[in-house]
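Novice: Numbering (the UniProt record's numbering), first residue to last: 1 to 163. Ideal Cβ positions, reconstructed from N, Cα and C, are used throughout, including at glycine. Here's a structure for you.
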């Protein structure tokens with residue numbers, strides 16, 4: 001990640017940094033990480049269950065920021081991959097392409113977007129995102145609405161057996 005992690009005066013320690021957490025441990029106690037995970041589970045913490053970066057067959061997404069009625073994600077789509085044809089009942093989405101070329105379907109309209117172009121996906125619009133290019137497609141998604149959980153999805157077509 002882009003965060004600076006600094007340590008002073010440590011000997012025989014490891015430092016593991018991810019976008020979710022930082023672990024500092026003596027090399028001879030690395031196996032004790034299991035106890036940390038068990039404690040997080042016993043305290044009903046979300047860290048062992050919910051990760052900022054989520055991998056899907058088509059690529060990945062990372063939640064960058066979220067609030068009461070909005071969520072911002074960085075989405076990466078592999079070359080040749082496409083997301084399901086879907087709709088959301090309780091949220092709208094804005095997609096801004098930051099790298100690559102996106103083919104976006106919204107209801108009966110299909111449009112090609114390149115870097116620095118965007119599109120609005122209204123609530124209940126059938127939509128799909130596709131990367132027909134040879135490089136990764138990266139975009140920023142801004143969700144807005146009264147309910148922003150991942151289960152607000154109705155799929156109509158899916159190449160990955162998730163109907």
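Could you tell me the distance, in whole angstroms, from the CA atom of residue 126 to the CA atom of residue 92?
Specialist: Spanning the two alpha carbons is a distance of roughly 11 Å.
Novice: In terms of residue numbering, what span does the beta strand (DSSP E) encompassing residue 4 cover?
Specialist: Neither: residue 4 is in no beta strand (DSSP E) and is coded neither H nor E.
Novice: Across which residues does DSSP place residue 113 in a beta bridge pair?
Specialist: In the DSSP output, where bridge partners are listed per residue, residue 113 has 102.
Novice: Go to residue 127, then tell me how far its beta strand (DSSP E) extends in each direction, as first and last residue.
Specialist: Where residue 127 is concerned, the enclosing beta strand (DSSP E) stretches over 127 to 130.
Novice: Taking the beta carbon of residue 89 as the centre, do at least 16 other beta carbons fall within 10 Å, making it buried, or is it exposed?
Specialist: It counts as exposed.
Novice: For residue 93, name the three-state secondary structure that DSSP assigns.
Specialist: In this structure, residue 93 counts as strand in the three-state DSSP scheme.
Novice: Taking residue 138 as part of the beta strand (DSSP E), name the residues at either end of that continuous run.
Specialist: Run containing residue 138: 137 to 145, per the beta strand (DSSP E) assignment.
Novice: Measuring CB atoms only, is the stretch 96 to 109 touching the stretch 33 to 41, in the sense that at least three cross pairs come out at less than 8 Å?
Specialist: No, because fewer than three Cβ pairs between the stretch 96 to 109 and the stretch 33 to 41 fall closer than 8 Å, the two stretches do not touch.
Novice: Quick one: what does DSSP say residue 20 is sitting in, helix, strand or coil?
Specialist: Looking at residue 20 - three-state DSSP - the assignment turns out to be coil, as it is neither helix nor strand.
Novice: Grab me the residues of residue 63's own chain with a C-beta within less than 6 Å of its C-beta, minus the 5 sequence neighbours each way, in chain order.
Specialist: Taken in chain order, the residues that qualify are 52, 73.
Novice: If you compare alpha carbons, which of 25, 32, 78, 156 is closest to residue 16?
Specialist: When each option's Cα is compared against that of residue 16, the closest is 25.
Novice: Which ranges does the beta strand (DSSP E) cover as unbroken runs of at least 3 residues, wholly within the stretch 20 to 44, from first to last along the chain?
Specialist: Runs of the beta strand (DSSP E) inside the stretch 20 to 44: 22 to 26.
Novice: Using beta-carbon positions only, say whether residue 131 and residue 77 come within less than 7 Å of one another.
Specialist: Yes; because the gap between Cβ atoms is below 7 Å, this pair is in contact.
Novice: Using the DSSP secondary-structure output, state which residues sit across from residue 155 in a beta bridge.
Specialist: Per DSSP, 86.
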